[in-house]
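> One line per chain: the protein sequences are B and C, in this order. What the first sequence shows, in my numbering, is residues 1045 to 1324, in sequence order. What the second sequence shows, in my numbering, is residues -16 to 107, in sequence order. Heads up, the beta-carbon is just placed ideally off N, CA and C, and yes, glycines get one too.
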Amino acid sequence: MIITVLSGKGGTGKTTVATNLALSLENVQLLDADVEEPDACIFIKPDFADEYEIVYRLIPVVDEAKCTACRKCVDFCEYNALALMLDSILVFPEICHSCGGCARICPVGAISEKEREIGKIKWDHSKRPLEFWQGELNIGEESPVPVIEKLKEHIDPEKTVIIDAQPGTTCPAIEAAIDSDYCILVTEPTPFGLNDLRMAVEVMRETGKNFGVIINRSEDEYDGIIEEYCAREGIDILLKIPFAKEIARLYSKGISFVEELPEWKPRFQELFKKIEGLVR
Amino acid sequence: MLIGISASDNRGLDAKMDSRFGRANFFAIVDTENMEARFIENSAASADSGAGVGAAQLFADQNVAAVISGDFGPKAFIALKTAGIELYSYRGSTIREAVEAYKNGELRELGVSSNNGHAGFRQV
Ligand code: SF4
Ligand code: SF4
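1) Quick one: what does DSSP say C/A102 is sitting in, helix, strand or coil?
2) Can you check whether the CB of C/R79 is closer than 8 Å to the CB of C/L(-4)?
3) Contact between the region 1060 to 1074 of chain B and the region 1304 to 1314 of chain B: three or more CB pairs below 8 Å?
4) Hey, is B/P1182's beta-carbon within less than 8 Å of any beta-carbon in chain C?
5) Within its chain, find whatever has a CB closer than 8 Å to the CB of B/D1083; leave out the 5 residues flanking it on each side and keep chain order.
6) I'd like the span of the beta strand (DSSP E) that includes C/I12, first residue to last.
7) Would you kindly check if the distance between the Cβ of B/R1160 and the Cβ of B/R1101 is under 8 Å?
8) Near B/E1095, what residues of its chain come up, given a Cβ to Cβ distance below 8 Å and the 5 sequence neighbours on each side ignored?
9) By DSSP, does B/C1253 sit in helix, in strand, or in coil?
10) In terms of residues, what are the limits of the beta strand (DSSP E) holding B/P1286?
11) Would you call B/S1262 buried or exposed, if buried means 16 or more other Cβ atoms sit within 10 Å of its Cβ?
12) C/Q106 CB to nearest chain B CB: under 8 Å?
13) Kindly examine ligand 1 and report whether one of its heavy atoms sits closer than 7 Å to the Cβ of B/L1130.
14) Can you tell me which of the three DSSP states C/G37 falls into?
15) Since B/L1282 and B/G1256 are thought to touch, with beta carbons under 8 Å apart, how far apart are those beta carbons, to the nearest angstrom?
16) Restricting to Cα atoms, I'd like to know which of B/V1061, B/L1195, B/G1184 is closest to B/V1099.
17) So with Cβ pairs under 8 Å, would you call B/E1113 a contact of chain C?
18) Going by other Cβ atoms of all chains shown within 10 Å of its Cβ, with 16 needed for buried, is B/T1048 buried or exposed?
19) Quick check: is the beta carbon of C/V36 nearer than 8 Å to any beta carbon in chain B?
20) Just the Cα atoms here: how many angstroms apart are B/C1117 and B/I1149?
21) Can you tell me where the beta strand (DSSP E) holding B/D1168 begins and where it ends?
22) Kindly list the residues whose CB is nearer than 6 Å to the CB of B/L1181, restricted to its own chain and excluding five residues on each side of it in sequence; keep chain order.
23) Cβ-heavy atom distance between B/S1013 and ligand 2 below 7 Å?
24) Chain C partners of B/M1129, CB-CB under 7 Å?
25) In the DSSP output, what is B/W1308 paired with across the bridge?
26) Just to confirm, are B/A1221 and B/C1227 a CB contact at a threshold of 8 Å?
27) Any beta-carbon of chain C closer than 8 Å to the one on B/L1075?
28) Heavy atom of ligand 2 less than 7 Å from the Cβ of B/F1120, yes or no?
29) In this structure, does DSSP put B/A1066 in helix, strand or coil?
30) Using a C-beta to C-beta distance shorter than 7 Å, which residues of chain B count as neighbours of C/G33?
31) DSSP on C/L(-4), reduced to helix/strand/coil?
32) Enumerate in chain order the residues of its own chain whose CB-to-CB distance from B/R1115 is below 6 Å, with the five nearest sequence positions on each side excluded.
33) Could you work out which residues of chain C lie near B/V1118, taking near to mean beta carbons separated by less than 8 Å?
34) Return no unless some Cβ of chain C is closer than 8 Å to the Cβ of B/E1250.
35) Please give the ranges of any beta strand (DSSP E) in the region 20 to 81 of chain C, keeping only runs that are unbroken, at least 3 residues long and fully inside the region.
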């Protein structure tokens, strides 16, 4: 079972949900796929033991001696990763999406591809029953997807897998969610929260994913805004995490609240059972 | 000579300048000889990335000698420099103002430092 935790924007409590859920379960993998700003490590406190796997991707290299400046590659590249300036081709590796198209279409075979390091995968298997994996995108790189793909290669089908996705509704979030059996959308009971939730719901529906909502910083007098929307749209509200001093205090110290507040582990376990039931 | 300017609309010389280079709605090409302005719509204004490089390519294709905008990203900067195009930063209200300021020598060229500190860039 693979569960991806998403949110329409950052700072809504996505990592809180992912880490607390993972820490409540047995035989579980937690994958931090928020590769631009991985922060589950703040709560998991992993020991990466200097081990990591480098993520490469292919970017074009132009042989100036062969290039005739015909411009076909520049016109082909829809990401503007190539430019023709004074008869020479400039390559902008950070925005290249490694589609390989330019090398294929160059009529004189002037483009070859070389590997470029764009990120790392790190892991800690010592925190049984939790196995922690983290993807990192190198600073300055603009395409996180290859790192997320690599991270997902480490999914163990024998385990329950929790993926902490990048906030937002763009490609990296979708890449994290696309193979999952269920998605949890984390939101807050505010107009902004609702707005971001709406966009996330749209993406879930487009990708045909099973999903439900968790309200973070829940307060009875404000939850209505999310509850009414979910009722109208027929969306399950799976759990509410209250706006409580104790939870905020633990968060600020980098402690997952399931580790200090004993009533919460059973709640997350129940949540997991509920999801199992919904997926079946 | 031709000067490229990022603009938020296309109403001739009174068009408003847009300080965002790659994400401006329009690109103006002004001929300093006769002060005639042409406009090209920026189809990449909302592009995820690469808008700056696309804009640099467009100006290079138009054979402009200089580009005036508010902010240039690092990639656009390199692309324009490689093409030997001069870059000027200016935050004016209209493109007319920008061109006048250029003509009067009030603008300082970007990337031309007295200590030759931009290794790798062709000096123009
Ligand atoms: S397609 Fe090949 S030959 Fe044409 S400009 Fe690009 S690299 Fe040069
Ligand atoms: S590999 Fe694809 S994205 Fe990269 S420069 Fe070539 S055409 Fe553009």
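The answer reads as follows:
1) Summary for C/A102: the model assigns pLDDT 42, below 50, so the residue's position carries little reliability; its value from the coordinates is reported in the next sentence. Residue state, collapsed to three classes: coil.
2) yes
3) yes
4) First, the amino acid is wrong: residue 1182 of chain B is Asn here, not Pro. B/N1182 does not count as touching chain C.
5) T1059, D1076
6) 9 to 14
7) yes
8) K1166, W1167
9) For the record, residue 1253 of chain B in the displayed sequence is Lys; it is not Cys. B/K1253 falls in the coil class under three-state DSSP.
10) 1281 to 1286
11) buried
12) The predicted position of C/Q106 is uncertain, since its pLDDT is 38 and thus under 50; a value taken from the coordinates is nonetheless stated next. No, C/Q106 does not count as interfacial toward chain B.
13) no
14) helix
15) 4 Å
16) B/L1195
17) The sequence shown places Ala at residue 1113 of chain B, rather than the Glu named in the question. Taking Cβ atoms only, chain C never reaches closer than 8 Å to B/A1113, which makes this a no.
18) buried
19) yes
20) 7 Å
21) 1155 to 1168
22) V1079, E1080, G1163, P1188, V1191
23) Limits of chain B in this structure are 1045 at one end and 1324 at the other, which puts residue 1013 of chain B out of reach.
24) A43, A62, T65, A66
25) For B/W1308, which the question treats as bridged, DSSP gives no partner whatsoever.
26) yes
27) no
28) yes
29) helix
30) Y1123, N1124, A1125, I1139
31) helix
32) L1128
33) Q40
34) no
35) 49 to 52, 69 to 72
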